[in-house]
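Q: Sharing a structure below in structure tokens format, with a few things to ask.
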Amino acid sequence: YMSTLWGFYQPSLPYYDTVKGEKVKYNPDYITSVKKVSDKPLVVQYDLNPKAKWNDGTDIDYTAFKATWEVMNGKNEAYSVPSHEGYDCIESVEQGANPKQVIVKYNKPCATWELLFAPLVHPKATDPTVFNQGWVNNPHNEWGAGPFEIQSATEDQVVFVRNPKWWGKKAKLDKVVVKRMEDTAAMNAFQNGEIDSVDSISTKDKVKAARSVKGAQLRYGYSTKIRVINLNAKAGAFKDKAVRKAVVQAFDVATYNKIQFQGMSWKSEQPGSELLSMFQAGYKNNLPADGKFNVENAKKTLEAAGYKMGKDGYYAKNGKTVQFTFTFFGDDSTQAALANAFQAMMKKAGMKCKTVNKPASKFSKTVSSFDFQVLPMAWVSQSPLSFVGSASQVYGSKSDSNFTGTGNKKIDALLAKVGKTYDYKEQTALANKAESMAFAEYGTLPVSAPPTYQAYKKGFANGGPAGYANVFVENIGWQK
Numbered sequence: 001y002m003s004t005l006w007g008f009y010q011p012s013l014p015y016y017d018t019v020k021g022e023k024v025k026y027n028p029d030y031i032t033s034v035k036k037v038s039d040k041p042l043v044v045q046y047d048l049n050p051k052a053k054w055n056d057g058t059d060i061d062y063t064a065f066k067a068t069w070e071v072m073n074g075k076n077e078a079y080s081v082p083s084h085e086g087y088d089c090i091e092s093v094e095q096g097a098n099p100k101q102v103i104v105k106y107n108k109p110c111a112t113w114e115l116l117f118a119p120l121v122h123p124k125a126t127d128p129t130v131f132n133q134g135w136v137n138n139p140h141n142e143w144g145a146g147p148f149e150i151q152s153a154t155e156d157q158v159v160f161v162r163n164p165k166w167w168g169k170k171a172k173l174d175k176v177v178v179k180r181m182e183d184t185a186a187m188n189a190f191q192n193g194e195i196d197s198v199d200s201i202s203t204k205d206k207v208k209a210a211r212s213v214k215g216a217q218l219r220y221g222y223s224t225k226i227r228v229i230n231l232n233a234k235a236g237a238f239k240d241k242a243v244r245k246a247v248v249q250a251f252d253v254a255t256y257n258k259i260q261f262q263g264m265s266w267k268s269e270q271p272g273s274e275l276l277s278m279f280q281a282g283y284k285n286n287l288p289a290d291g292k293f294n295v296e297n298a299k300k301t302l303e304a305a306g307y308k309m310g311k312d313g314y315y316a317k318n319g320k321t322v323q324f325t326f327t328f329f330g331d332d333s334t335q336a337a338l339a340n341a342f343q344a345m346m347k348k349a350g351m352k353c354k355t356v357n358k359p360a361s362k363f364s365k366t367v368s369s370f371d372f373q374v375l376p377m378a379w380v381s382q383s384p385l386s387f388v389g390s391a392s393q394v395y396g397s398k399s400d401s402n403f404t405g406t407g408n409k410k411i412d413a414l415l416a417k418v419g420k421t422y423d424y425k426e427q428t429a430l431a432n433k434a435e436s437m438a439f440a441e442y443g444t445l446p447v448s449a450p451p452t453y454q455a456y457k458k459g460f461a462n463g464g465p466a467g468y469a470n471v472f473v474e475n476i477g478w479q480k
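So for the sequence shown, the UniProt record's numbering puts the first residue at 1; every next one is plus one.
Structure below.
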């Protein structure tokens with residue numbers, strides 16, 4: 001939801017124009033040219049569009065790049081950012097021949113340099129308190145710079161209108177209303193003609209409902225998403241690696257996915273990676289051999305760790321039953337069915353699982369506060385090179401985005417090398433090795449590579465699944 005909002009009124013610099021994302025390009029509305037001045041050390045020159053300005057009239061120049069680097073490089077821990085990857089390789093960001101020319105000098109190899117400075121930070125938004133919390137209930141229209149500006153905003157709805165200060169191609173739509181809704185409410189609104197598109201289609205019931213709308217179009221294709229199950233190694237029974245391993249062994253992924261995709265004309269084999277899509281070069285199945293589905297092996301794992309089966313049908317150790325919670329969100333019936341299926345699978349292996357349902361609006365808070373034990377969620381890759389940075393985010397022992405609580409120095413050392421080489425084969429080899437070690441900690445498990453389903457009213461143009469390709473918001477509109 002937040003990334004959707006961001007795309008309407010904030011600068012979008014690097015992008016891909018093909019589904020597979022073969023080559024990084026740059027939005028000419030902001031950047032007129034990018035060139036490497038040297039390789040050793042890496043020095044990159046950006047020439048910015050002379051017309052580019054923030055909504056408050058401030059030029060988009062080297063100061064925005066410098067502000068972004070200072071916020072993201074990790075030197076000031078007061079900033080809450082998902083990753084320092086790439087920015088921590090930069091030595092300096094300075095003005096070139098003029099303020100509209102940016103010279104970025106690196107003191108370390110940076111494999112993802114082409115993807116940096118997205119998003120771009122307004123120089124006036126660099127106070128740590130403002131950066132971390134200043135956007136809550138205040139989207140700061142004046143710090144935007146895109147085809148649209150915000151007319152009004154509430155917690156669940158933002159109204160965008162054409163930005164009169166926009167220097168690029170005029171947006172085809174004069175107004176866009178973006179709503180945050182529970183899945184069922186969104187589909188009901190689409191069926192009733194209250195909204196023109198819905199992208200929260202992830203079950204057979206939603207697919208059927210979308211197809212029932214007269215004149216509607218259901219558009220679908222491969223996504224860049226990987227659905228996973230995370231086990232919180234800092235909580236309860238999961239502090240014991242043997243219990244986490246037993247959960248993975250007791251988890252019948254094939255049956256789980258049949259439930260997940262029933263009636264959707266889609267079959268997903270279990271991915272072997274959370275970093276690389278199965279269609280990407282360099283993909284490898286990194287799942288541990290002894291983690292395969294086998295209920296009897298799950299029981300043996302527990303017994304070898306000193307757990308004993310009780311009369312109640314559950315394993316226990318030192319008087320404590322092996323029990324944990326499975327937290328899921330929203331009111332979708334398929335998600336409830338998946339939670340119940342997981343619970344039943346665990347029971348067969350002698351582990352007690354309680355399902356906990358929360359509103360979709362509670363997801364972010366639940367995750368950030370680690371208020372879960374078993375958590376189904378998904379990772380979305382924004383580019384074919386996302387894994388170079390996301391590897392450390394997902395598996396780094398000190399990463400705020402490692403929602404498993406697992407990791408160690410050996411894994412961290414490998415992860416640190418991924419972004420230090422420009423060779424793609426080396427990058428994937430290092431990432432695969434680190435991931436295989438991380439999977440052996442049994443804190444996370446890739447489950448499926450789902451499709452993307454989106455429904456639109458007839459005539460809606462330039463919308464729909466596009467893989468790694470970017471859809472520019474100013475091009476969204478209606479067919480004539």
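Cβ atoms here follow ideal geometry from the backbone N, Cα and C, with glycine treated the same way.
#1: Since V71 and F131 are thought to touch, with beta carbons under 8 Å apart, how far apart are those beta carbons, to the nearest angstrom?
#2: With DSSP collapsed to three states, give me the class of V121.
#3: Does Q249 pass the burial test, meaning 16 or more other C-beta atoms within 10 Å, or should it be called exposed?
#4: Indicate whether the contact test is met: 3 or more Cβ pairs, each with one atom in the segment 192-207 and one in the segment 258-272, closer than 8 Å.
#5: Do P451 and S223 have their beta-carbon atoms positioned less than 9 Å apart in this structure?
#6: For the beta strand (DSSP E) holding E426, just list the boundary residues, first then last.
#7: Cα-Cα, which of Y283, K409, P139 is closest to V158?
#8: Can you give me the C-alpha to C-alpha distance between F363 and V178, rounded to a whole angstrom?
#9: Check the C-beta distance from A478 over to A461 and give it rounded, since I have them as a contact under 8 Å.
#10: Considering A145, what are the terminal residues of the alpha helix (DSSP H) in which it resides?
#11: Roughly how many whole angstroms lie between the Cα atoms of G419 and Q427?
#12: Mind checking which residues open and close the beta strand (DSSP E) that includes N408?
#13: Less than 8 Å between the CB atoms is what I'm expecting for residue 481 and G443, so what's the real figure, rounded?
#14: So, does the segment 19-26 touch the segment 83-93, judging by three or more C-beta pairs under 8 Å?
#15: Work out the CA separation of S392 and G350 for me, nearest whole Å.
#16: Buried or exposed for G21, please, with buried defined as at least 16 other CB atoms from any protein chain shown within 10 angstroms of its CB.
#17: Just reading off the alpha helix (DSSP H) that L302 is part of, what are its end residues?
#18: How many Å lie between A145 and P359 at the Cα?
#19: By DSSP, does E94 sit in helix, in strand, or in coil?
#20: Under a three-way DSSP split, which group does R244 fall into?
#21: Using DSSP with H/G/I as helix, E/B as strand and the rest coil, what is M2?
#22: Can you tell me the Cα-Cα spacing of K172 and A118, whole angstroms?
#23: With a threshold of 6 Å on Cβ separation, who are the neighbours of A67 within its own chain once the five nearest residues in sequence on each side are excluded?
#24: Any idea if W135 is buried or exposed, counting beta-carbon neighbours within 10 angstroms, 16 or more meaning buried?
#25: Look up P128 in the DSSP assignment and say whether it is helix, strand or coil.
#26: If you draw a straight line from the alpha carbon of I31 to that of V247, how long is it in whole angstroms?
#27: When you compare each of S12, D88, A153 to K108 by their alpha carbons, which one comes out closest?
#28: Taking a contact to mean a Cβ-Cβ separation below 9 Å, would you say F387 touches L287 in this structure?
#29: Sort W113, I201, A186 by Cα distance to E194 and report the nearest one.
#30: Of the choices F472, K457, F160, E474, whose alpha-carbon is the least far from that of K214?
#31: Is M211 helix, strand or coil when you go by DSSP?
#32: Give the DSSP bridge partners of C353, in chain order.
A: This is what the structure gives:
#1: 6 Å
#2: coil
#3: buried
#4: yes
#5: yes
#6: Taken as a continuous stretch (DSSP letters only), E426 belongs to no beta strand (DSSP E), being part of the alpha helix (DSSP H) at 424-439.
#7: P139
#8: 19 Å
#9: Going by the sequence as given, residue 478 is Trp instead of Ala. Contact holds; Cβ gap of about 6 Å.
#10: Neither: A145 is in no alpha helix (DSSP H) and is coded neither H nor E.
#11: 7 Å
#12: That residue, N408, is in no beta strand (DSSP E); it is neither H nor E in DSSP.
#13: Since the first and last residues shown for the chain are 1 and 480, residue 481 lies out of range.
#14: no
#15: 34 Å
#16: buried
#17: 295-304
#18: 33 Å
#19: strand
#20: helix
#21: helix
#22: 24 Å
#23: V121, P123, T126
#24: exposed
#25: helix
#26: 49 Å
#27: D88
#28: no
#29: A186
#30: K457
#31: Before going further, note that residue 211 is Arg rather than Met in the sequence given. Note: R211 maps to helix in three-state DSSP.
#32: F324
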